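A short worksheet on the structure shown next.
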Amino acid sequence: MDRLSLSLPGLSLKNPIMPASGCFGFGREYSQFYDLSELGSIMIKATTPHPRAGNPVPRVAETSSGMLNAIGLQNPGLEKVMETELPWLEQFDLPIIANIAGSEAEDYIKVAEKISTAKNVAALELNISCPNVKEGGIAFGTDPDTARNLTARVKEVSRVPVYVKLSPNVTSITEMAKACEEGGADGLTMINTLVGMRLDHKTGKPVIANKTGGLSGPAIKPVALRMVYEVSQQTSLPIIAMGGISSAWDVIDFISAGASAAAVGTANFVNPFVCQEIIHELPAILDELGADHILDLRGRSWMRHGEAAGHRA
């Protein structure tokens, strides 16, 4: 039995580990370190209809326990991704999750309709949660009606399942999750970054040009874990979790909270081998925990003392 393999809507994963969108580009740089076919999937950089230069620099800053970024969805645009990046990724045995973004609903529709025809794109990640753009992004991800309607419209044109990426910058993330489920989402990815800020000690001015940015890394793991725990018990949608994951034990925590798979973001910048190392370390942890399959651990946090585990969905 393959103890790490699993099936999610549109995705047949050899293991539940994948790089999160925005932290791995299209994999070109990381392919110099190891065979990307070892990964369960890759969530590629967000794609918009036209190339985007992103926000002014500086747009990345370290914090004491994570990273602030305000990249602003920089990407080469739909045409370039279709003609160059996705064909390059065909050399790897990987189902690709294509993150799609835009400034208005029609942008999402245009990208979804086209990119879902690529033969190695197995699912879409609907990015309605980017906090670093003035139009689109989080504007779609903080209102339940808007999120529900956009999800439904993208579902109408997509040839592959649609996962919606939720923002933690809302009052009730379960309300947003339910709205996306009503709109026809096939799954959820969560969480995106938390809005944060860092000031220069001497000048008192923000250190990144956008003034605020998205906080990621170890600091946000407790928030992400709590939100996965809450949402996984309120919807029937599978969850790909992200938020401060940097070790195999972090992955076990998120599976225990109710996720089915895990994406690694900021940790890739610290250790380019982190995804590969997590995949190799998971079987020994399953032995230690007495689990035959990683999804036998799913939802352990939900149970009262004495109840049995065993959720393979």
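So for the sequence shown, this note's numbering puts the first residue at 8; every next one is plus one. In this text, a Cβ means the ideal position worked out from N, Cα and C, and glycines have one as well. All values reported here derive from a predicted model rather than from experimental measurement.
- Distances from the alpha-carbon of isoleucine 107 to those of Ala184, Ser165 and Leu43 put Ser165 closest.
- The three-state reading of DSSP puts arginine 59 in strand, counting E and B together.
- Under the three-state reduction of DSSP, valine 177 is assigned to coil, being neither helix nor strand.
- In the DSSP assignment, asparagine 76 is bridged to Val67 and Gly221.
- For the alpha helix (DSSP H) assignment, the uninterrupted runs of no fewer than 4 residues enclosed by the region 72-152 are, from N- to C-terminal side, 93-96, 112-122 and 145-148.
- In the DSSP assignment, methionine 234 falls outside any beta strand (DSSP E) and lies within the alpha helix (DSSP H) extending over 228-239.
- Note on glutamate 132: 16 or more other CB atoms within 10 angstroms of its CB, so buried under the neighbour-count rule.
- Per DSSP, reduced to three states, the secondary structure at methionine 183 is helical.
- Within the model, the alpha-carbon separation for serine 71 versus glutamate 163 is close to 43 Å.
- Apart from sequence neighbours up to five positions away, the residues of its chain that approach aspartate 114 with a beta-carbon distance below 8 Å are Thr55, Pro56, Ala108 and Gly143, ordered along the chain.
- Your pair serine 48 and leucine 20 checks out as a contact, with CB atoms roughly 6 Å apart and the cut at 8 Å.
- Going by DSSP, leucine 289 is part of the alpha helix (DSSP H) stretching over 281-296.
- In the DSSP assignment, isoleucine 262 falls within the alpha helix (DSSP H) that extends over 255-264.
- According to the DSSP assignment, alanine 270 belongs to no alpha helix (DSSP H) but to the beta strand (DSSP E) extending over 268-271.
- Proximity to serine 38 across Gln283, Asp152, Ser14 and Gln81 peaks at Gln283, based on C-alpha coordinates.
- In the same chain as isoleucine 227, and ignoring 5 residues on each side of it, the C-beta atoms closer than 6 Å to its own belong to Leu201, Gly250 and Gly251, in chain order.
- In this structure, DSSP gives valine 164 a helical state, which the three-state scheme calls helix.
- Beta-bridge partners of valine 214 (DSSP): none assigned.
- Counting along the chain, alanine 53 sits inside the beta strand (DSSP E) bounded by residues 49-54.
- Here glycine 194 is bridged, per DSSP, to Tyr170.
- Straight through space, the alpha carbons of proline 151 and methionine 89 are spaced by roughly 31 Å.
- Serine 263 counts as buried, since no fewer than 16 other beta carbons sit within 10 angstroms of its beta carbon.
- DSSP places serine 14 in the strand class (E or B) of the three-state scheme.
- The beta carbons of proline 16 and glycine 221 sit no closer together than 8 Å.
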